[in-house]
Amino acid sequence: MKPLLEINNLETRFYTQDGVVKAVNGVSYAIEAGEILGVVGESGCGKSVHALSMMQLIPDPPGKITGGEVWLDGKDLLKLDENQMQKIRGGEIAMIFQDPMTSLNPVYTIGFQITEALLLHNDMTKKEAWDRAGRLLELVGIPGAEERLHDYPHQFSGGMRQRAMIAMGLSCEPKLLIADEPTTALDVTIQAQIIDLVIKLQDELGMAIMWITHDLGVVAELAQTINVMYAGLIIERGKIHNIYKETKHPYTMGLLGSLPRLDDLPGTELISIPGLPPDLLHLPEGCPFAARCVYRVDQCLTQRPGLEEVDGKDHAVACWRWDEIAGNG
Amino acid sequence: MAKTAPEDIVVTDFAVREHRSLWGDAWRRLISSNTARLGMFIVIVFISSATLSHYFWKYEPKKDLDYSLKLKAPSLRPTEEIDSIHIFGTDKLGRDIFRRVVHGGWNSLRVGIVAVSISLIAGGAIGLLAGFYETITMTTMERLLLFGLTGLLLGLLSAWIADQYFQLILFFGLGITSGYLPELFAGKIQRMSFFGAAGFLVAAIPSFFVGLNIALICGIWGLFVGVLLSQDLDGKFFSNVMMRIMDMILSFPGYLLAIAIVAFLGPGLGKGMIAIGIVGIPVYARLARSAVMGMINKEYILAAQSVGEGHGRILVRHIIPNILSPIIVQTTMGLANAILSAAALGFLGLGAIPPEPEWGAMLGDSYRYLTSGAWWAVLFPGLAIMLSVLGFNLLGDGLRDALDPKLRM
Chain A
1 MKPLLEINNL ETRFYTQDGV VKAVNGVSYA IEAGEILGVV GESGCGKSVH ALSMMQLIPD
61 PPGKITGGEV WLDGKDLLKL DENQMQKIRG GEIAMIFQDP MTSLNPVYTI GFQITEALLL
121 HNDMTKKEAW DRAGRLLELV GIPGAEERLH DYPHQFSGGM RQRAMIAMGL SCEPKLLIAD
181 EPTTALDVTI QAQIIDLVIK LQDELGMAIM WITHDLGVVA ELAQTINVMY AGLIIERGKI
241 HNIYKETKHP YTMGLLGSLP RLDDLPGTEL ISIPGLPPDL LHLPEGCPFA ARCVYRVDQC
301 LTQRPGLEEV DGKDHAVACW RWDEIAGNG
Chain B
330 MAKTAPEDIV VTDFAVREHR SLWGDAWRRL ISSNTARLGM FIVIVFISSA TLSHYFWKYE
390 PKKDLDYSLK LKAPSLRPTE EIDSIHIFGT DKLGRDIFRR VVHGGWNSLR VGIVAVSISL
450 IAGGAIGLLA GFYETITMTT MERLLLFGLT GLLLGLLSAW IADQYFQLIL FFGLGITSGY
510 LPELFAGKIQ RMSFFGAAGF LVAAIPSFFV GLNIALICGI WGLFVGVLLS QDLDGKFFSN
570 VMMRIMDMIL SFPGYLLAIA IVAFLGPGLG KGMIAIGIVG IPVYARLARS AVMGMINKEY
630 ILAAQSVGEG HGRILVRHII PNILSPIIVQ TTMGLANAIL SAAALGFLGL GAIPPEPEWG
690 AMLGDSYRYL TSGAWWAVLF PGLAIMLSVL GFNLLGDGLR DALDPKLRM
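Protein chains in written order, with the numbering used here: chain A, 1 to 329; chain B, 330 to 738.
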């Protein structure tokens with residue numbers, strides 16, 4: 001079966017005064033219809049930028065997509081012009097954002113903002129759109145949805161706003177929903193509710209979801225496939241149990257190792273990966289993780305490893321020594 | 330022990346309260362402030378007296394002349410020498426000052442509204458587009474239109490010098506051509522020379538029929554415009570060009586520029602309005618641009634883009650309503666400023682043409698009689714200027730407080 005969305009060698013650069021920031025450096029993968037994909041990595045690793053690049057929402061200047069293809073339904077999104085792209089956004093791919101406090105326009109009611117997306121992509125009357133907005137708001141679990149449509153964003157709590165954002169994202173039944181750290185700004189209980197909500201909605205509506213986060217715990221709960229990103233590259237990709245149980249890349253191991261555990265004794269020091277991510281202005285020639293890696297050999301400093309299949313198990317890793325290290329993690 | 334059954338508890342959902350609109354809230358805050366109420370009162374009195382007198386108390390300044398009533402002091406009841414009442418007294422031509430002050434209000438109001446509209450529409454549009462496209466990539470259509478208009482705007486100088494307004498179309502075409510062919514010799518000196526030459530020819534050839542000197546001046550300007558339009562035509566560039574033009578206007582003292590423009594156009598209330606309007610453009614352009622740039626990185630703009638909204642829609646629906654409050658405040662203050670500027674021009678004899686009642690002109694007419702004791706001829710128009718300006722300023726201050734987003738939750 002053809003995948004829903006296929007990304008080939010996507011490259012995004014930011015041309016700043018200090019130099020060229022290499023934010024995304026050749027990312028390739030595919031999302032199947034109905035799949036939940038988790039994209040993890042620390043801040044500044046290109047998670048959000050690669051998603052925004054797919055939507056062509058990179059601020060230009062300074063940003064520029066310098067290469068690659070994004071195939072959706074036999075169309076390369078990067079070759080479409082702004083007008084065609086506007087039909088894709090919201091209609092085929094929708095996006096929800098990190099901070100529900102700022103992603104709703106304070107001067108319009110929630111209902112207005114949801115119906116706006118509906119009216120843009122569907123041929124329906126205002127009345128129909130309003131009814132549908134009410135049903136959507138109910139779907140995302142806001143009590144008294146019909147009434148709350150008339151509320152302004154400041155009358156909603158953070159969790160409710162994020163629900164409203166999700167309702168907006170779902171309004172045109174996109175094939176792919178990109179969730180850019182949607183739970184980061186919320187507290188843990190609300191986080192759990194939102195995750196449950198997304199799983200439920202995915203069951204009902206069957207769209208694919210790309211869930212971008214730095215929280216490995218969150219993706220463990222909902223994703224089927226995980227991309228681990230580092231310095232604008234995917235360094236490990238696989239089904240969820242592969243990533244968590246048969247970790248291959250030293251960076252992923254470090255990430256998992258640095259999670260605090262419930263059964264740690266009080267006073268146990270938190271483990272962290274020493275060093276900092278590489279400066280994206282001066283990306284090293286070899287493996288970007290080499291400087292922080294305990295398994296480093298000379299080859300790592302001079303040659304950049306590509307994603308390599310691990311014995312045909314839907315698991316790929318970009319490391320020269322994965323087969324030696326495996327098991328030691 | 331008494332137990333409370335769950336069904337006895339009245340659940341009040343405190344999160345749901347009466348629906349208040351943004352503007353309703355602002356209005357409530359506005360009328361709760363005393364100074365704003367005072368300002369509003371003055372403004373309403375001013376507007377209604379000006380409007381009502383214009384429509385229901387006709388006045389023909391050209392026929393109003395009575396030397397027998399020259400410079401009479403204010404009186405509240407008829408005396409044996411004067412049988413009419415002049416509560417503000419009369420001026421050097423025996424005209425009733427009260428009547429002229431009230432009718433002068435109509436002129437001031439007109440100046441204020443027209444001048445501020447000119448500044449607001451031109452400045453607002455420039456600032457809005459400059460701020461918007463500084464972050465958001467323009468589509469091809471938008472680029473063509475925007476740079477066509479930039480060419481047209483810059484070409485205005487050449488067209489005006491040569492008095493050949495069809496040149497505007499040529500400059501418009503030049504902008505469009507450059508916008509349509511961004512790849513033509515991109516980044517090379519040929520591109521600059523090509524468009525520079527094109528600009529030179531576009532301006533110089535038609536101007537040649539007017540005169541050699543004119544052709545030379547226009548040609549040089551055309552060369553400059555052509556070179557400018559040969560650059561990378563993106564939002565940043567557009568914003569830069571527009572803001573530098575605004576800086577040029579701002580570098581003149583306001584009154585001086587207004588006087589210069591009136592000197593070019595000739596005196597008269599209408600021309601005064603244009604002059605005051607032009608002087609005010611940069612204020613609105615800068616205000617709108619900075620407001621848009623503060624707004625454009627908000628996530629809801631990104632969210633609006635991500636549901637597939639077009640640029641025009643984002644601009645009108647999401648950006649304009651959010652930057653409206655500083656603009657409203659500036660507009661109110663701007664009205665006061667325009668009234669003051671009109672009075673200044675009138676005082677210098679560059680505003681309204683004499684028999685027309687206008688506060689500044691009335692002051693200019695009468696200050697010479699101050700030494701002979703005719704204080705009323707100067708006091709009342711002066712008071713009218715002061716009060717109307719004060720009223721608009723107080724109202725503007727009140728609006729600023731009422732619309733301040735920091736006070737809102």
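Think of the CB as a built atom: it goes at the ideal place given N, C-alpha and C, for glycine as much as any other residue.
Point to revise | Proximity test, Cβ basis, 8 Å: E628(B) and chain A | key: By this cut-off, E628(B) is an interface position.
Can you check which of these residues, F721(B), S619(B), L699(B), F567(B), is closest to L473(B) by C-alpha distance? Cα-wise, what sits closest to L473(B) is F567(B).
Evaluate M470(B) with the Cβ neighbour count: other Cβ atoms within 10 Å of its Cβ, from every protein chain shown; 16 or more gives buried, anything less gives exposed. Exposed is the call here.
**OP:** Compare the Cα-Cα distances from L139(A) to each of K126(A), S157(A), L170(A) and report the closest residue.
**Re:** Of the listed residues, the one whose Cα sits closest to L139(A) is L170(A).
Proximity to P582(B) [Cα-Cα], best of M571(B), G453(B), V608(B): When the alpha-carbon of P582(B) is set against those of M571(B), G453(B), V608(B), the nearest one is in V608(B).
Worksheet item: In its own chain, which residues sit with a C-beta less than 6 Å from the C-beta of R737(B), not counting the 5 before and 5 after it?
Response: Here R737(B) scores only 49 on pLDDT, less than 50, and its place in the model should not be relied on; the value that follows carries that caveat. For R737(B), where only same-chain residues beyond five positions count, there are no Cβ hits under 6 Å.
Determine the burial state of I110(A): buried for a count of at least 16 other Cβ atoms within 10 Å of its Cβ, exposed for fewer.
Result: buried.
So G331(A) contacts chain B; which residues on that side make the cut at Cβ distance below 9 Å?
With chain A covering 1 to 329 only, the question about residue 331(A) has no answer from this structure.
| message | I need the boundaries of the alpha helix (DSSP H) containing V219(A), first residue and last residue. | response | In the DSSP assignment, V219(A) falls within the unbroken alpha helix (DSSP H) covering 216 to 222.
Give the secondary structure of E128(A) by DSSP, where H, G and I count as helix, E and B as strand, and everything else as coil. E128(A): helix per DSSP, three-state reduction.
| task | Out of P62(A), T268(A), A117(A), point me to the one whose CA is closest to Y462(B)'s CA. | result | Per the Cα distances, P62(A).
Would you identify the three-state DSSP class for H50(A), choosing helix, strand or coil?
Helix at H50(A).
Taking the DSSP output, what are the residues bridged to Y509(B)? Y509(B) is not bridged to any residue.
Exercise. Can you tell me which of K47(A), E42(A), E6(A) puts its alpha carbon nearest to the alpha carbon of A33(A)?
Key: Closest option to A33(A), judged by alpha-carbon separation, among K47(A), E42(A), E6(A): E6(A).
Within-8 Å CB hit, E146(A) to chain B = The beta carbon of E146(A) does not come within 8 Å of any beta carbon belonging to chain B, so the residue lies off that interface.
Check: Is H315(A) closer than 8 Å to G257(A) when the C-beta atoms are compared?
Finding: With contacts defined as CB atoms closer than 8 Å, G257(A) and H315(A) fail to qualify as a contacting pair.
**Asked** When the Cα atoms are used, what is the spatial distance from G331(A) to R163(A)?
**Response** Since the first and last residues shown for chain A are 1 and 329, residue 331(A) lies out of range.
* May I have the straight-line CA-CA distance separating I65(A) from L52(A), to the nearest angstrom? => Their Cα atoms are separated by approximately 10 Å.
Subject >> Segment limits, alpha helix (DSSP H) that includes I542(B) >> reply: The identity of residue 542(B) in the sequence shown is Asn, whereas the question assumes Ile. Per DSSP, the unbroken alpha helix (DSSP H) holding N542(B) starts and ends at 541 to 558.
Does any residue of chain B bring its CB to less than 8 Å from the CB of N328(A)? With a pLDDT of 46 at N328(A), under the threshold of 50, the modelled position of this residue cannot be trusted, and the question is left open.
Assuming F500(B) and V554(B) are in contact, meaning their beta carbons sit under 8 Å apart, how far apart are those beta carbons, in whole angstroms? Beta-carbon to beta-carbon, F500(B) and V554(B) are separated by about 7 Å, close enough to satisfy the 8 Å threshold.
Quick check: E685(B) and N363(B), are their CB atoms within less than 8 Å of each other? Going by C-beta atoms, E685(B) is not nearer than 8 Å to N363(B).
Inset, instruction - Compare the C-beta of E685(B) against all C-beta atoms of chain A and say whether one is closer than 8 Å. - result: Chain A contact via Cβ: absent.
Practice prompt. Pull up the distance between the alpha-carbon of F721(B) and that of A365(B), whole angstroms please.
Written response: C-alpha separation (whole angstroms): 9 Å.
Grouping DSSP H, G and I as helix and E and B as strand, with all else coil, what is R406(B)?
DSSP places R406(B) outside both helix and strand once states are collapsed to three, so it counts as coil.
- Give the straight-line distance between the Cα atoms of T660(B) and M691(B), rounded to the nearest whole angstrom. Their Cα atoms are separated by approximately 26 Å.
Exercise. Mapping DSSP to helix, strand and coil, what is N334(A)?
Worked result: The question about residue 334(A) has no answer, for chain A in this structure spans 1 to 329.
Run through chain B and tell me which residues come within less than 9 Å of N105(A), C-beta to C-beta. For a Cβ distance threshold of 9 Å, residue set K627, Y629, I630, A632, A633, R646, H647, P650, N651 of chain B lies close to N105(A), ordered along the chain.
Original post:
Which residues, taken in chain order from the stretch 560 to 573 of chain B, show a beta carbon closer than 9 Å to some beta carbon of chain A?
Top reply: So the close ones are D563, G564, K565.
- Query: Can at least three beta-carbon pairs, one atom from the stretch 716 to 733 of chain B and one from the stretch 365 to 380 of chain B, be found at a separation below 8 Å?
  - Reply: These segments touch.
Exercise for the section: State yes or no: is the beta carbon of H241(A) nearer than 8 Å to at least one beta carbon in chain B? Expected result: It does not; no Cβ of chain B falls within 8 Å.
Near-chain A residues of the stretch 510 to 525 of chain B - C-beta to any C-beta below 7 Å:
Here the close residues number zero.
### Query
Can you check whether the CB of A671(B) is closer than 8 Å to the CB of G601(B)?
It is a contact, given that the beta carbons lie within the stated cut-off.
Exercise. Go through its chain and collect everything with a Cβ distance to V443(B)'s Cβ below 6 Å, but skip five positions before and after it.
Key: Correct list, in chain order: M602.
Check each candidate in F417(B), G433(B), A667(B), A703(B) and name the one with the smallest Cα separation from L381(B). Shortest Cα-Cα distance from L381(B) to any of F417(B), G433(B), A667(B), A703(B) involves G433(B).
Could you check whether P277(A) and G26(A) sit closer than 8 Å to each other, using their CB atoms as the reference points? No.
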